[in-house]
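Position in the sequence shown (first residue = 1) + 1 = this note's numbering. Beta carbons are placed, not taken as given, at the ideal position from N, Cα and C, and that holds for glycine. Have a look at the structure below before the remarks.
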Amino acid sequence: MKQFTKEFIFGTATSSYQIEGAAFEGGRTPSIWDTFSRTPGKVLNGDTGDIACDHYNRMEEDITILKQLGVDSYRFSIAWPRIFPQQGQYNEEGMAFYKKLATRLVEEGIQPAVTLYHWDLPQWAYELGGWINRDVVTWFMDFASVCFQELDEVVSMWTTHNEPWCASLLSYHQGIHAPGHTNLDEAIRAAHHILLSHGAAVHFYKEQFGGKKPIGIVLNLGPTYAMSESINDQLAANNCDGYLNRWFLDPLFKGEYPTDMMNLYSKFIHNYDFMEDGDLDLISIECDFLGVNFYSRSLVEFSGASEMLYKGGYSDLPKTGMGWDVVPETLHDLIYRLREEYTDLPIYIMENGAAYPDVLEEDGQVHDIQRTDYVEKHLHVVADLNEQGMNIAGYYVWSLLDNFEWAFGYSKRFGIVYVDFETQKRYLKDSAKRYAEVIQQRSI
Ligand code: FCB
2 MKQFTKEFIF GTATSSYQIE GAAFEGGRTP SIWDTFSRTP GKVLNGDTGD
52 IACDHYNRME EDITILKQLG VDSYRFSIAW PRIFPQQGQY NEEGMAFYKK
102 LATRLVEEGI QPAVTLYHWD LPQWAYELGG WINRDVVTWF MDFASVCFQE
152 LDEVVSMWTT HNEPWCASLL SYHQGIHAPG HTNLDEAIRA AHHILLSHGA
202 AVHFYKEQFG GKKPIGIVLN LGPTYAMSES INDQLAANNC DGYLNRWFLD
252 PLFKGEYPTD MMNLYSKFIH NYDFMEDGDL DLISIECDFL GVNFYSRSLV
302 EFSGASEMLY KGGYSDLPKT GMGWDVVPET LHDLIYRLRE EYTDLPIYIM
352 ENGAAYPDVL EEDGQVHDIQ RTDYVEKHLH VVADLNEQGM NIAGYYVWSL
402 LDNFEWAFGY SKRFGIVYVD FETQKRYLKD SAKRYAEVIQ QRSI
């Protein structure tokens, strides 16, 4: 039996485009995900977030579910195109939705943890160059400052960005997420501007706004392992680590980009002139915590045919519905590494969870044994890490609800609450009931 302290935060997480729906309500204009999901072949079955979980119209019902779970905190994101439907055009109606949501959560004793950017860049910003255009930092600051202004009183913690790796490399280099470009030069620029907008927002919040609440960034991190001891496979693992982890951790915590990766990328990049003097000082500004999204690890081997000289290796470990290895013990390696090489700040696991093909029984039950086991195993590791003094301050299950899983549309269910997308009815899965029990007992 492992105990969690009473200060430890248990939560669940969602993001705006994945659950809100109401794509044409409240003055919202399209984001890059509305455009991308309408582009044939980009999202499985042509699914879109037009309706999603209709959370925009079912907020009260979803708050009731959060109450039932007994979570300490709820993590959600703000749809930028609801707040600025056009450049420089502030939309009060969009803000009113988030004000109501955060206020109602506080009334129910649930702490709102707010993410500013979870990938729904306004289409207007994309048309002006999106994350590739350095001016995006100014547009992001307009958005961030009005959010601080209007919501700071009711928000418990702020995160600037969710998973900059996905918003840059997965979106501009691999083309798998919106806007679907396949150009490393653009991706590295996008990553730089995302990090710069993070630094600028934190600076503004702390220096000019009085920064009362904790603020930080959320990275998707995974420890990388080589398939063998061979020098080639070791190089592959190092490159994978550079591409996924160090490209973000190093500038944020050391104020520099990793030289080995800069050299590797230079084959594909015109020049690094877009990195201006002072940028890295701003990017490495001190935050109050680090958010980590953890799902799995990477296991790789050398591949001369790949730009980054690695490819995924095979393992016969159990896998989630995404095909990701279930490896809770590797969270241990990741956290120790962060503590040794990067930071003493409190760490929040801002996302952890699993997709599995759930079955809704006639009596409304969903016996999701594998997901329950996945969450329990990761909570065990978190409790162990805290016994070892690793200072994990909270854990958020991804996700509260089954939702629009990006390029996979509605085919992957990550929720601890089942959503029948025909009727919009919600059903607590067994994992939700078990999570509620853990929270209530504050032990596992
Ligand atoms: C993360 C995203 C989140 C969700 C999970 C499964 O990369 O932050 O929106 O899609 O993966």
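Practice problem: Verify the contact flag: Gln-425, CB atom, against every heavy atom of the ligand FCB, threshold strictly below 7 Å. | Solution: By one-based count along the sequence shown, residue 425 stands at place 424. For Gln-425, the CB stays at least 7 Å from every heavy atom of the ligand FCB.
Self-check item: Buried versus exposed call for Glu-108 [16 or more other C-beta atoms within 10 Å across all chains shown]
Solution: Within the sequence shown, residue 108 is the residue found at index 107, counting from 1. Glu-108 should be labelled exposed.
Quiz item: By how many angstroms is the C-alpha of His-56 removed from the C-alpha of Gln-90?
Solution: Reading the sequence shown from its first residue, position 89 is the one you call residue 90. Reading the sequence shown from its first residue, position 55 is the one you call residue 56. Spanning the two alpha carbons is a distance of roughly 24 Å.
Quiz item: DSSP three-state call for Phe-205: helix, strand or coil?
Solution: Translated into positions along the sequence shown, residue 205 becomes position 204. Phe-205: helix per DSSP, three-state reduction.
Quiz item: Comparing alpha-carbon positions, which option in Thr-36, Phe-144, Gln-442, Thr-49 lies nearest Ser-78?
Solution: Along the sequence shown, one-based indexing puts residue 78 at 77. Per the Cα distances, Phe-144.
Quiz item: Of the residues Ala-14, Thr-373, Ile-20, which one's Cα is nearest the Cα of Asp-431?
Solution: Residue 431 sits at position 430 when you count from the first residue of the sequence shown. That would be Thr-373, whose Cα lies nearest to the Cα of Asp-431.
Quiz item: With respect to the beta strand (DSSP E) encompassing Tyr-258, which residues constitute its N-terminal and C-terminal limits?
Solution: Position 257 of the sequence shown, counted from the first residue, corresponds to residue 258. Following the DSSP letters along the chain, one finds Tyr-258 in no beta strand (DSSP E), marked with neither H nor E.
Quiz prompt | Cutoff 7 Å; reference Ala-24; Cβ partners in own chain excluding five residues on either side | solution = Here residue 24 corresponds to residue number 23 of the sequence shown, with the count starting at 1. Closer than 7 Å at the Cβ level, and outside the excluded window around Ala-24, lie Asp-35, Gly-50, Asp-51.
Quiz prompt | Unbroken stretches of the beta strand (DSSP E), 3 residues or longer, contained in the segment 23 to 74 | solution = None, since the segment 23 to 74 contains no complete beta strand (DSSP E) of that length.
Practice problem: Counting only the same chain and skipping the five closest in sequence on each side, list residues whose C-beta sits under 8 Å from that of Lys-1. | Solution: A query on residue 1 cannot be resolved here, the shown segment of the chain reaching from 2 to 445 and no further.
Practice problem: Mind reading off the beta-carbon distance from Trp-125 to Ser-169? Whole number of angstroms is fine, and I expect it under 8 Å. | Solution: For the purposes of this step, residue 125 is taken as residue 124 along the sequence shown, with counting starting at 1. For the purposes of this step, residue 169 is taken as residue 168 along the sequence shown, with counting starting at 1. Contact between Trp-125 and Ser-169 is ruled out by a C-beta separation of about 20 Å, above the 8 Å threshold.
Quiz item: Does the ligand FCB have even one heavy atom less than 7 Å from the beta-carbon of Phe-415?
Solution: Here residue 415 corresponds to residue number 414 of the sequence shown, with the count starting at 1. Flag set: Cβ of Phe-415 near the ligand FCB.
Practice problem: Would you kindly check if the distance between the Cβ of Met-351 and the Cβ of Val-203 is under 8 Å? | Solution: As a first step, residue 203 is located in the sequence shown; it is residue number 202 there, counting from the start. As a first step, residue 351 is located in the sequence shown; it is residue number 350 there, counting from the start. At least 8 Å separates the beta-carbon of Val-203 from that of Met-351.
Quiz item: Do you know how far the Cα of Glu-94 is from the Cα of Gly-243?
Solution: By one-based count along the sequence shown, residue 243 stands at place 242. By one-based count along the sequence shown, residue 94 stands at place 93. When rounded, the distance between both Cα atoms is 42 Å.
Exercise. Determine the closest residue to Leu-291 out of Gly-305, Phe-249, Asn-233, with distance taken between C-alpha atoms.
Key: Position 290 of the sequence shown, counted from the start, is the residue given in the question as residue 291. Nearest to Leu-291 by alpha-carbon distance, out of Gly-305, Phe-249, Asn-233, is Phe-249.
Quiz item: Is it right to say Thr-65 is buried, meaning 16 or more other beta carbons lie within 10 angstroms of its own, or is it exposed?
Solution: Residue 65 sits at position 64 when you count from the first residue of the sequence shown. That one is exposed.
Exercise. Give the straight-line distance between the Cα atoms of Met-323 and Phe-409, rounded to the nearest whole angstrom.
Key: As a first step, residue 323 is located in the sequence shown; it is residue number 322 there, counting from the start. As a first step, residue 409 is located in the sequence shown; it is residue number 408 there, counting from the start. Near 9 Å, if we compare the C-alpha coordinates of Phe-409 and Met-323.
Quiz item: Buried or exposed: Leu-185, going by 16 or more other Cβ atoms within 10 Å of its Cβ?
Solution: The sequence position of residue 185 within the sequence shown is 184, counting from 1. Leu-185 comes out buried.
Quiz item: DSSP puts Glu-341 in a beta bridge; with which residues?
Solution: If you number the sequence shown from 1, residue 341 lands on position 340. Partner(s): none; Glu-341 has no beta bridge.
Practice problem: Using alpha carbons as the reference points, say which of Ile-189, Ile-417, Asp-234 lies closest to Asn-264. | Solution: Reading the sequence shown from its first residue, position 263 is the one you call residue 264. With distances taken between Cα atoms, Asn-264 lies closest to Ile-189.
Quiz item: Got a sec? Which residues, its chain only, sit under 7 Å from Pro-180 by beta carbon, not counting five neighbours each side?
Solution: Within the sequence shown, residue 180 is the residue found at index 179, counting from 1. Only Ile-33, Phe-37, Tyr-127, Gly-131, Ser-172 meet the Cβ criterion.
Quiz item: Is it right to say Val-360 is buried, meaning 16 or more other beta carbons lie within 10 angstroms of its own, or is it exposed?
Solution: In the sequence shown, counting from the first residue as 1, residue 360 sits at position 359. By the 16-neighbour rule on beta-carbons within 10 angstroms, Val-360 is exposed.
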